[in-house]
Amino acid sequence: MMEEGVKKFLYVNRKAPYGTIYALEALEVVLIGAAFDQDVSLAFLDDGVFQLTRDQNTDGVGVKNFSPTFRALGDYDVNKLYVERESLEERGLTADDLQEIVYEDEDDDWAEKPSIRIISRAEMADLMHDQDVILSF
Amino acid sequence: MSYEVNGQTVEHDEEGYITNLSDWSEDLAKVIAEQEGIEMTDEHWAVVNFLRDYYEEYQIAPAVRVLIKAIKKQMGPEIGNNKHMYELFPYGPAKQACKIAGLPKPTGCV
Chain P
0 MMEEGVKKFL
10 YVNRKAPYGT
20 IYALEALEVV
30 LIGAAFDQDV
40 SLAFLDDGVF
50 QLTRDQNTDG
60 VGVKNFSPTF
70 RALGDYDVNK
80 LYVERESLEE
90 RGLTADDLQE
100 IVYEDEDDDW
110 AEKPSIRIIS
120 RAEMADLMHD
130 QDVILSF
Chain G
0 MSYEVNGQTV
10 EHDEEGYITN
20 LSDWSEDLAK
30 VIAEQEGIEM
40 TDEHWAVVNF
50 LRDYYEEYQI
60 APAVRVLIKA
70 IKKQMGPEIG
80 NNKHMYELFP
90 YGPAKQACKI
100 AGLPKPTGCV
């Protein structure tokens with residue numbers, strides 16, 4: 000389904016969700032950029048894996064909890080969220096610590112499918128190698 | 000800048016989006032709609048309520064194409080299409096309906 004002019008975009012998320020504005024800004028860029036119908040993937044590595052953890056509560060830090068917005072990405076045809084296994088392990092996290100994010104597959108009778116894919120550091124390197132454009136946050 | 004509704008003052012920004020999202024009420028929606036030149040019908044309310052539910056669940060106002068796709072799924076293609084949605088909200092379904100729904104301007108909307 001690759002059309003003329005469609006490029007592979009990878010948004011790399013390396014920072015924790017709160018404390019800096021990077022994570023929220025990256026998500027907003029993804030949502031805005033989705034209007035351009037490109038082939039979009041998101042990567043989560045280093046402290047970026049914390050962005051997808053479940054049951055976030057920001058009451059103590061006084062900022063908006065934007066983690067539910069990741070679950071809207073499927074509506075924007077953004078359904079490839081790659082999470083680096085080693086980054087999870089180094090932080091004592093597993094796939095069970097991440098929130099469930101699904102998209103509806105238009106080509107498969109709108110079946111709900113998981114958007115999060117856990118890959119190794121080596122696979123992450125290959126993924127980056129495959130891209131036309133990489134934006135790092 | 001502010002709206003007056005039932006003797007109460009509700010602050011809004013220079014474009015008419017309310018400052019404090021919890022100030023919203025159906026009566027306020029009617030006041031905003033009137034200023035926008037819109038008479039609220041059941042279809043208008045359905046869109047406004049959809050937007051409020053979407054914001055509640057995802058913490059964002061959806062982009063216009065996401066909105067129209069969802070309305071199509073929920074209410075059928077007679078309502079959920081570009082032309083009809085612009086008839087309901089002539090200045091842009093996402094932009095104008097969000098204002099009436101008491102939500103911030105959709106992300107990426109200029």
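Going down the list, the sequences are from chains P and G. Numbering that gives the first Met the number 0 puts the first residue of the first sequence at 0, with every later residue one more than the last. Numbering that gives the first Met the number 0 puts the first residue of the second sequence at 0, with every later residue one more than the last. Heads up, the beta-carbon is just placed ideally off N, CA and C, and yes, glycines get one too.
| Item | Value |
| --- | --- |
| Determine the chain P residues that contact Gln-58(G) at a beta-carbon separation under 9 Å, and present them in chain order. | Lys-63, Asn-64, Phe-65, Ser-66, Pro-67, Thr-68 and Ala-71 |
| Tell me whether Arg-70(P) sits in a helix, a strand or coil according to DSSP, three-state version. | helix |
| Of all Cβ atoms in chain P, is any one closer than 8 Å to the Cβ of Ala-62(G)? | yes |
| List the residues that DSSP assigns as beta-bridge partners of His-128(P). | His-128(P) pairs with nothing; no bridge assigned. |
| Should Thr-8(G) be labelled buried (16 or more other beta-carbon atoms within 10 Å of its own) or exposed? | exposed |
| Using C-beta distances below 8 Å, list every residue in its chain close to Gly-4(P), excluding the 5 sequence neighbours before and after it, in chain order. | none |
| Please tell me whether Tyr-75(P) has its Cβ less than 8 Å away from any Cβ of chain G. | yes |
| Please list the partners that Val-65(G) has in chain P, where partner means a Cβ-to-Cβ separation under 7 Å. | Asp-74 and Tyr-75 |
| Say whether chain G places a C-beta atom closer than 8 Å to the C-beta of Ala-34(P). | yes |
| Quick check on DSSP: helix, strand or coil for Ala-62(G)? | coil |
| Roughly how far, in whole angstroms, is the beta-carbon of Asp-74(P) from the beta-carbon of Val-63(G), given that I think they are within contact range, below 8 Å? | Contact flag wrong, Cβ pair sits at about 12 Å. |
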